[in-house]
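S.K.: Got a structure for you, questions after.
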Amino acid sequence: MTGTRRAVAAVFLLPALVLLGALVLYPIGYSVYRSFFDQAGTGFAGFDNYEALFTD
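Under our numbering, read the sequence shown as residues 458 to 513, first letter to last.
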């Protein structure tokens, strides 16, 4: 594959990858981030939420 064809392929793939990140990967990452806080979102809970999940 030549450099020009590779650049054209990258230009066509870029919008799809940006949408993938915005609509799929960002919400997953934000959910993981929020899982380390209490229900109100103000206090850091650490792994206490996971401990409660797996010990109940």
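Note that CB positions come from ideal geometry on N, CA and C, so glycine has one too.
1) Within a Cβ cutoff of 8 Å, which residues of the same chain sit near F511, ignoring the five residues on either side of it in sequence?
2) Based on the DSSP output, what are the partners of F493 in its beta bridges?
3) Could you please give the first and the last residue of the uninterrupted alpha helix (DSSP H) stretch that includes F511?
4) Using a Cβ-Cβ cut-off of 7 Å (strictly less than) and excluding sequence neighbours within five positions of F494, which residues of its own chain qualify?
M.R.: Put simply:
1) Taking F511 as the centre and dropping the five residues before and after it, the same chain places no C-beta closer than 8 Å to its C-beta.
2) DSSP lists no beta-bridge partner residue for F493.
3) Element bounds for F511: 505-512.
4) So the qualifying residues of the chain are G500, F501, A502.
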